[in-house]
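With full-length UniProt numbering, letter number 34 in the sequence shown gets 34, and the count goes up by one each step, no holes.
Just so you know, even glycine gets a beta-carbon here, dropped at the ideal spot from N, CA and C.
Note that the structure is a prediction, hence the values are computed from the model and not measured.
One structure is given here, and the rest of the page talks about it.
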Amino acid sequence: MAKGYWVSVYPAISDPERLTAYDKLAGLAVQAGGGRNLALLPSRGGRVVAHEAGITQRVVLIEFDSFEQAVAAYESEAYQKALVALPDGFERDFRIIEGID
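Here it is, written out as structure tokens:
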């Protein structure tokens, strides 16, 4: 069975501190949904080399055991509460993708 992934890129973040409430709730929802953080860059000290558009802002990659599990975690009540905590004014590109077997 192919794994599922959440891929989230924030092209612009004016005030990272405002993400604290969302981060806490989202982290709990991801854990409850069976997700594993593979990358959270660059905020946790990871290195980034940007090409093309040159965006080096926050990138999050989370792995789930299946695509269906990834979708269910997003649709969960816990993650929906986290989304409410996402501050206005943040630009984000969020996708759920199916991995290759």
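- Residue pairing from DSSP places Tyr5 in a beta bridge opposite Glu63, Ile97.
- By the 16-neighbour rule on beta-carbons within 10 angstroms, Ala53 is exposed.
- As computed with DSSP, Arg36 is found in a beta bridge with Glu63.
- Across the set Arg18, Lys24, Ile97, the C-alpha of Lys24 shows the shortest separation from the C-alpha of Gln80.
- Between Tyr22 and Ile97, the CB-CB gap reaches or exceeds 8 angstroms.
- Look at Pro11 here: in three-state DSSP terms it is strand.
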